[in-house]
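Right, one structure below, let's go through it.
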Amino acid sequence: MAPTQLSIVLERMLNELGIADLTFEARGPTDTMPATDVVSPVPWNDVNFLIVTDVHSWIAGHRHPDHTLALDADYGHVLSLHERLAEVAAARGCDLFLVQNGDLNDGTGFSRTPPAVLVPLLQRMPFDALTTGNHELYENENIDYLAQPGGFIDSWNGSFITSNT
């Protein structure tokens, strides 16, 4: 697979964190990463989950200046990470599931009521499962839009799992 701009950016980001070639080896603290933020080894199991949660429509990333280790990742980074981890999972003979854990709404102009701009962008992500968060339930118009026949929930062909809607 030829490297894309996103994979190059992701690789630089992983290298800056001391995570080399997706082996997720632990490393010690540095001047830029205090001991409290040391990356631990990530175990691979038969079934693995990459979970995206509480994005609140910040699809292009959202800097958090109050966090020491801010990962200002956008959905392009998530997609690239998922593709690369899927290659590792396939080579190891294990499963990897990409899950959107809800709270898609409320945060930027993309999340206006109804979220007609946000939804088509999210539908391009290869989520294996999605749930709804409380932020999708604040406005009846949002619920109606997401649940309309042939709409966002139906577009996932049974992968939208929730007890809230």
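For the sequence shown, full-length UniProt numbering assigns the number 165 to the last residue and increments by one with no breaks.
Think of the CB as a built atom: it goes at the ideal place given N, C-alpha and C, for glycine as much as any other residue.
These numbers come from a predicted model, not from an experiment.
Identity of the residue in the options nearest residue i by Cα
i: residue 133; options: 86, 45, 99, 78; result: 99
i: residue 129; options: 111, 57, 101; result: 101
i: residue 147; options: 43, 79, 55, 116; result: 116
i: residue 82; options: 140, 92, 125, 120; result: 125
i: residue 78; options: 89, 90, 59, 145; result: 59
Neighbourhood of residue i by C-beta, 8 Å cutoff - its chain only, sequence neighbours within 5 removed
i: residue 45; result: 94
i: residue 47; result: 94, 95, 97
i: residue 92; result: 44
i: residue 155; result: 123
i: residue 138; result: 105, 106
Residues near residue i in its chain [Cβ-Cβ closer than 6 Å; skip 5 each side]
i: residue 86; result: 96
i: residue 157; result: none
i: residue 51; result: 99, 101
i: residue 127; result: 98, 100
Per-residue burial, residue i [other beta carbons within 10 Å of its own, 16 or more giving buried]
i: residue 55; result: buried
i: residue 114; result: buried
i: residue 90; result: exposed
8 Å contact criterion, which residue i and residue j should meet: CB distance rounded
i: residue 103; j: residue 53; result: 7 Å
i: residue 111; j: residue 122; result: Not really, about 11 Å apart at Cβ, beyond 8 Å.
Contacting residues, own chain, Cβ-Cβ under 7 Å from residue i (five flanking each side not counted)
i: residue 160; result: 130, 153
Nearest-angstrom Cα separation, counted from residue j out to residue i
i: residue 149; j: residue 143; result: 12 Å
i: residue 166; j: residue 136; result: With the chain covering 1 to 165 only, the question about residue 166 has no answer from this structure.
i: residue 140; j: residue 108; result: 19 Å
i: residue 162; j: residue 120; result: 20 Å
i: residue 145; j: residue 75; result: 22 Å
i: residue 49; j: residue 151; result: 26 Å
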